[in-house]
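Visitor:
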Amino acid sequence: MKNFHIFKAAGILVLPLLLLLTPLVHGQDSGDAAGSDSLKPSHADLPLKPDRSVHLQVNEGSWISVDIHPGGGKLVFDFMGDIYELPVTGGKARQLTRGMGFDAQPRFSPDGKKVVFVSDRSGGENLWILDMETGEVTQRTKGNNYRFQSPVYTPDGNYIIAARAGIRGGVHKLRMYHVDGGSGTEFMDTPTTLKTIEPAFGADDRYIWLSQRTGDWQYNAIFPQYQIARFDRETGQRQTQTARVGSAFRPTLSSDGKWLVYGTRHETETGLRIRNLNNGEERWLAYPVQRDDMESRATRDVLPGMAFTPDNSAVITTWGGRLWKLPIAPGAEPVEIPFEIDTNIELGPEVLFKYPIEDSGEFIARQIRDAVPSPDGTKLAFTVLNNLYVMDLPDGAPRRLTNLNLTEAFPAWSPDGTWITFATWNQAEGGHIYRMRSNGRGSAQRLTREAAIYQYPAWSKTQDRIVAIRGVARVYSEYPGPGVPFAAEDLIWIPSAGGDATFITGTEGRRNPHFIFGDDRIYLHHTMNGLVSIRYDGTDEREHVKVTGSTPPGSQQPQRASLIQMAPRGDQALAEMGTDIYLVTVPRAGDAQTINVSNPENAAFPVRKVTDIGGQFSSWAWNGRVAHWSIGNALFSYNIDDADARKREQEQYDREKKKAKDAARDSKDDEDNGDDDSNGNGNGDDNGNGDDSEENGTGDNDTGKKDKNDDRPADYEPSEIRIQVKAARDIPTGTLVLRGARVITMNGYEVIEDADLVIRNNRIHAVGARGEVEIPDGAKVRDVSGHTILPGFIDTHAHVRPFRNLHQDQIWSFMANLAYGVTTIRDPQTGSTDLLTYADMVTAGKTIGPRIYQTGPGVFWTENIRNLDHARKVLKRYSEYYDTKTIKMYVAGNREQRQWILMAAKEQELMPTTEGSLDMKLNMTMLIDGYPGQEHNYPVTPVFEDVIKVTAESRMAYTPTLLVTYGGPWVENYFYAKEDPSNDPKLRYFTPDYEMETKTRRRGAGWFHDDEFATARQSRIVKQIYDAGGLSGVGSHGQLQGLGYHWELWAMAWDDMEPHQALRIATIQGAEALGLDGDVGSIEPGKLADLVILTGNPLENLRNTNTIARVMLNGRLYSGDTLHEEWPRVQPTGRLWFQQEQPAGIPGMH
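For the sequence shown, counting from 1, position 783 maps to 796 in the numbering used here; every step adds exactly one.
(1) In this structure, does DSSP put residue 1 in helix, strand or coil?
(2) Which residue's Cα is closest to the Cα of residue 176: 142, 195 and 213?
(3) Have a look at residue 302 and residue 367 and give me their C-alpha separation to the nearest angstrom.
(4) Can you name the start and end residues of the beta strand (DSSP E) that residue 766 belongs to?
(5) Quick one: give me the first and last residue of the beta strand (DSSP E) that residue 426 is part of.
(6) Do you know offhand how far residue 718's Cα is from residue 886's?
(7) Compare the Cα-Cα distances from residue 169 to each of 218, 149, 141 and 156 and report the closest residue.
(8) What is the DSSP secondary structure of residue 986, counted as helix, strand or coil?
(9) Since residue 226 sits in a beta bridge, which residues does DSSP pair it with?
(10) Report back the beta-carbon spacing between residue 530 and residue 581 to the nearest angstrom; my notes put them in contact at under 8 Å.
(11) DSSP beta-bridge partners for residue 796?
(12) If I follow the unbroken beta strand (DSSP E) through residue 470, where does it start and stop?
(13) Which runs of the alpha helix (DSSP H) spanning at least 4 residues fall entirely within the region 950-974, listed in chain order?
(14) For the structure I just gave you, are there three or more beta carbon pairs, one from the region 786-796 and one from the region 830-845, closer than 8 Å?
(15) Can we say the region 928-935 touches the region 1064-1081, given the rule of at least three CB pairs closer than 8 Å?
(16) May I ask you to report which of helix, strand or coil DSSP gives residue 126?
(17) Name the DSSP bridge partner or partners of residue 644?
(18) DSSP state of residue 1118, grouped into three classes?
(19) Does DSSP put residue 810 in a helix, in a strand, or in coil?
(20) Classify residue 969 as buried or exposed, calling it buried when 16 or more other Cβ atoms lie within 10 Å of its own Cβ.
(21) With H, G and I counted as helix, E and B as strand and the rest as coil, what does DSSP make of residue 519?
(22) Enumerated in chain order, which unbroken segments of the beta strand (DSSP E) with a length of 3 residues or greater are wholly contained in the region 596-629?
(23) Are residue 82 and residue 121 close, meaning C-beta to C-beta below 7 Å?
(24) Would a C-beta distance cut-off of 7 Å place residue 244 and residue 221 closer than the cut-off?
(25) Could you check what DSSP says for residue 936 in three-state terms: helix, strand or coil?
(26) List the endpoints of the continuous beta strand (DSSP E) containing residue 273.
(27) Report the CB separation of residue 962 from residue 67 in whole angstroms; it is logged as a contact under 8 Å.
(28) In whole angstroms, what is the alpha-carbon distance linking residue 1149 and residue 850?
(29) Take the Cβ of residue 541 as the centre, count every other Cβ of all protein chains shown within 10 Å, and call the residue buried at 16 or more, exposed below.
(30) Kindly say whether residue 190, judged by its beta-carbon, lies nearer than 7 Å to any beta-carbon of chain D.
(31) In three-state terms, what does DSSP make of residue 1036?
(32) Have a look at residue 1156 and residue 1045 and give me their C-alpha separation to the nearest angstrom.
(33) How would you write the range of the alpha helix (DSSP H) that residue 849 sits in, first residue to last?
(34) In terms of residues, what are the limits of the beta strand (DSSP E) holding residue 100?
(35) On the DSSP bridge list, what partners appear for residue 740?
(36) Helix or strand or just coil, what does DSSP make of residue 1100?
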């Protein structure tokens, strides 16, 4: 057999596959379940219905958990989310469950009449029981906000033991449920970080054997990770039973109490060991077997389920995608149990779109920032493309207020509305605070005398002072962003007409200074203490209110508001929590009150959620009765008085409706139509969580149905205006011929030697062999003989992390990527919306960088998606306001919620990608649902035709980001050890010293033997998907900007992938993954002129991708070493702000 090595010490040999099994005859089997054709589909209660399918006819499967019937005659196992039955002698497997619901980890009851398994068919994971005689499936646990694994019956058949964790995080804990009902109880609740999974019983049901570890998982794992323990059900004591360096997991015991078989890692492979429980002696039973999953979350256990035969002579297990009977006698030979599966894997709809790249002369900026109304409410100040604008409300034309060639940010109005102050930044001169007359007359006046980083300027109500946050300008030249760690900042004030700055106090976690009427104290938001205020001398800090939200996964503390801003009257505050904004009451109650807004109706004081699709940049009108915020280029205004009036109208309507209903009921003599609420909550699970609609949706797919109370006054909605600021799109002019190079077009496997490549303006005009292409008059010809040209590289998972809030015009990560040939990026989860503005700056030619696509901030569990209509509203943020073309669905809830998000994405023509999250079960459910992209690799290896074919035919783009490998040490550690990036002159040219020294000099991830890296295993999956006709993308994950892309590409091609195949993944496949292949990804007439010119030939050696002489982006040609523009302009980039002075030629020890 292909991956089964002989382990000589154990005397194991592999028999030919045709060897017959001896049937086991211990007892009779129960009757057969109903045929698969009559099965109720497991997606019947899920909102998403299948739209297509992939046919599988296979004799192997990925990560199969198997159990044997107590009678010994048949097996049950899982395969691609369905449960199957198979004679123990092998043959054609019979499907017991089917559909899009993911069914896994089946285990027989002691009498063989039932099978318990885990399924998400209800919308979230639960335990289900299959009756083997009738085929009926019964839900045992309820509620959709948990994760289950490792179910097993107790030997008496009265209980089920399973591991359970919260859907939002935390470790799995073993829990016991009675088969007839009840909420069950948890074992070993302390310590809270102890993960307990894989329960098993032997001869004595007093003891539960299990696998345990501290925490859920560990990146760059150091062994051991797991050990086996035994829990005493009578005393409650737990005792560790192993101490293996390679960990110990998946305890499997013989029913006679003599044998323990378990998995462990030996060097790079996983094997099975067997222990004689009578004397403690151990030996190897099989090696290597299925590779374990202990370097990820192990959501279907660390090793697939296996079981002793009823006579305890052998173990039924799996490796190499096959089922095996493994005798425990020394020297006995394992025998394959052949199986055949012929099935259709049902998938959700295809969510694939094309996004043409426009060439229009102008575009509309996608984002306004820091919008603030004038004191009289008639005007609005804001920034677009890092410039200050003013407009008349509600529909005036935006006009640029200054003519400064600086970054302008944080506008603030003087109390009389005459002036607007703002902060600036310039790479050469640093930052200052300016003021400008709000009517645009005159010139901007600089108010500060010393350059620094100034943020959040605010006028005092007396108009004589401006308070701001000040930091040292030098740190912007030393730190890579997106923030400035460890940098001291001060709160200062300056005279409103300009002058020296006066120190107030250190910020110490405080920001956003502001004022209220009748009070000269400075109000600030504190990261830990909420809304606080201080005096001008920095003393007497008072806490006013704290605002919290839901509790994040794995945390014991709720989220804190990211910003709280007191209303001008001091009675209310605006709080930004995640992507939403809340209006909270600020009570005067002595001590500051903590208000939790996760459920506004149950808050301690009045709270209202004012956003429905999200918002940021919240601000108050000066009268304290209107709240403003923006999202994208839209401004929203929430009028508190109007909202209150609408609420009163609704309450009056409800009273009248109730009065009419009561009168109608009273007119009846003996009929009561009231609802009976006597049945309790019906949760059937512990802690009252059950089917918590607030957390996990109402189960309604659509709230758009006409309500019987359609005459009821509609809910108040804030007003919205779109602010359109147009900017010129950067498009060069001229015609250039690149002559004599080898051109790898990516049009199939076409290679043109000695080519003429004609570029007109920003697009490819023609390409062909020299002399076969018509050269336009006036074209400039550049000889590139001896070079190789290919399309610009596309990074489908780039995190570029530019500075936030106060923007720069040179972004080192943009420049590094472009210099290394990356001409298009997609940042999947930006963490903030700053990249919207930066991307527009690149489009306008104001910032050098690759084409920037992005998901914006991820769609997380904090959205609490309630139904399909709610998902539509959340995704409008991306489709209508951010215009991202895509989203990152970042483990945003249970299966039902994830399906609602996908359905809404399809409606709005968004192509969502997903977070792999070290969770193979999650990966498979997202694949089956039809998500068109996955970020990060499958943590389980190897995978076989089932996973590969479904991945390929679904057209899901697989971006493995192997530099941060799941299931093994991060591959970046290999390259850091082997490549010496610290002394790479080009890398140092484009990378700040701080970034270089922290990443290339000393690394905290540790050292790993070359064999320990999973690169070959993981790259094999990429090759399998490619060979099956599927899509992949190269994603550097922002680990090492620029050069890291090449490391990732080389890692993906590690396992015998042909260079041309790898190059296609890096270009045309990446383009298709983003829906951009109509304009980029190949060298064809009409496509954009994004090119990489190499001195080496990557078809001969893939490492020649890093021999970059020049890069062309959108028709502009740049030097690969410096990014000096060479055509059509000749224009140096100048000194880069992050290039620091080196300690050379100065006094010291020599």
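C-beta atoms are modelled at their ideal positions from N, C-alpha and C, and glycine is treated no differently.
Guide: A quick look at the data gives this:
(1) Missing from the structure shown is residue 1; the chain here goes from 14 to 1163 and no further.
(2) Translated into positions along the sequence shown, residue 176 becomes position 163. Nearest of 142, 195 and 213 to residue 176, Cα basis: 213.
(3) Working through the sequence shown from its first residue, we reach residue 302 at position 289. Working through the sequence shown from its first residue, we reach residue 367 at position 354. Residue 302 and residue 367: Cα-Cα distance of roughly 43 Å.
(4) Taking the sequence shown and counting its residues from 1, one reaches residue 766 at position 753. 764-773 is the span of the beta strand (DSSP E), which, as asked, contains residue 766.
(5) Residue numbering aside, residue 426 sits at position 413 when the sequence shown is read from its first letter. Run containing residue 426: 420-426, per the beta strand (DSSP E) assignment.
(6) Along the sequence shown, read from residue 1 onward, the residue named residue 718 stands at position 705. Along the sequence shown, read from residue 1 onward, the residue named residue 886 stands at position 873. Residue placement at residue 718 is flagged as unreliable, the pLDDT there being 48, under the threshold of 50; a coordinate-derived value is accordingly withheld.
(7) Reading the sequence shown from its first residue, position 156 is the one you call residue 169. The shortest C-alpha separation from residue 169 is found at 218.
(8) Residue numbering aside, residue 986 sits at position 973 when the sequence shown is read from its first letter. Helix.
(9) Indexing the sequence shown from 1 puts residue 226 at position 213. According to DSSP, residue 226 bridges with 208.
(10) As a working mapping, residue 530 is identified with position 517 in the sequence shown. As a working mapping, residue 581 is identified with position 568 in the sequence shown. Yes, they are in contact, since the Cβ atoms of residue 530 and residue 581 sit about 5 Å apart, within 8 Å.
(11) Taking the sequence shown and counting its residues from 1, the one referred to as residue 796 is at position 783. In the DSSP output, where bridge partners are listed per residue, residue 796 has 752.
(12) Counting from one through the sequence shown, the residue named residue 470 turns up at place 457. Element bounds for residue 470: 466-472.
(13) 958-967
(14) no
(15) no
(16) Position 113 of the sequence shown, counting from 1, holds the residue named residue 126. If DSSP states are grouped into helix, strand and coil, residue 126 belongs with coil.
(17) Within the sequence shown, numbered from 1, the residue matching residue 644 stands at position 631. Answer is 647.
(18) Here residue 1118 is taken as the residue at index 1105 of the sequence shown, counted from 1. Helix.
(19) As a working note, residue 810 is residue 797 in the sequence shown. If DSSP states are grouped into helix, strand and coil, residue 810 belongs with coil.
(20) Taking the first residue of the sequence shown as 1, we reach residue 969 at position 956. That one is buried.
(21) As a first step, residue 519 must be located in the sequence shown, where it is residue number 506. Looking at residue 519 - three-state DSSP - the assignment turns out to be strand.
(22) 606-609 and 620-622
(23) For the purposes of this step, residue 82 is taken as residue 69 along the sequence shown, with counting starting at 1. For the purposes of this step, residue 121 is taken as residue 108 along the sequence shown, with counting starting at 1. In this structure, residue 121 lies closer than 7 Å to residue 82 by Cβ.
(24) Within the sequence shown, the letter at position 231 stands for residue 244. Within the sequence shown, the letter at position 208 stands for residue 221. Yes, the Cβ-Cβ distance between residue 244 and residue 221 is below 7 Å.
(25) Residue mapping note: residue 936 aligns to position 923 of the sequence shown, counting from 1. In this structure, residue 936 counts as helix in the three-state DSSP scheme.
(26) Here residue 273 refers to the residue found at position 260 of the sequence shown. Segment 272-279, the beta strand (DSSP E) holding residue 273.
(27) Locating residue 962 in the sequence shown gives position 949, counting from the first residue. Locating residue 67 in the sequence shown gives position 54, counting from the first residue. Rounded, the Cβ-Cβ distance is 6 Å, consistent with contact.
(28) Start at 1 with the first residue of the sequence shown, and residue 1149 comes out as number 1136. Start at 1 with the first residue of the sequence shown, and residue 850 comes out as number 837. Approximately 21 Å between the Cα atoms of the pair.
(29) The sequence position of residue 541 within the sequence shown is 528, counting from 1. Per the 10 Å Cβ criterion, exposed.
(30) Considering every chain present, this structure includes no chain D. It has just one protein chain.
(31) The residue you call residue 1036 lines up with position 1023 of the sequence shown. Residue 1036: helix per DSSP, three-state reduction.
(32) Position 1143 of the sequence shown, counting from 1, holds the residue named residue 1156. Position 1032 of the sequence shown, counting from 1, holds the residue named residue 1045. Between residue 1156 and residue 1045, the C-alpha separation is close to 45 Å.
(33) Residue 849 sits at position 836 when you count from the first residue of the sequence shown. Residues 847-856.
(34) Numbered from its first residue, the sequence shown carries residue 100 at position 87. Run containing residue 100: 95-100, per the beta strand (DSSP E) assignment.
(35) Working through the sequence shown from its first residue, we reach residue 740 at position 727. In the DSSP output, where bridge partners are listed per residue, residue 740 has 376.
(36) Here residue 1100 corresponds to residue number 1087 of the sequence shown, with the count starting at 1. Residue 1100: coil per DSSP, three-state reduction.
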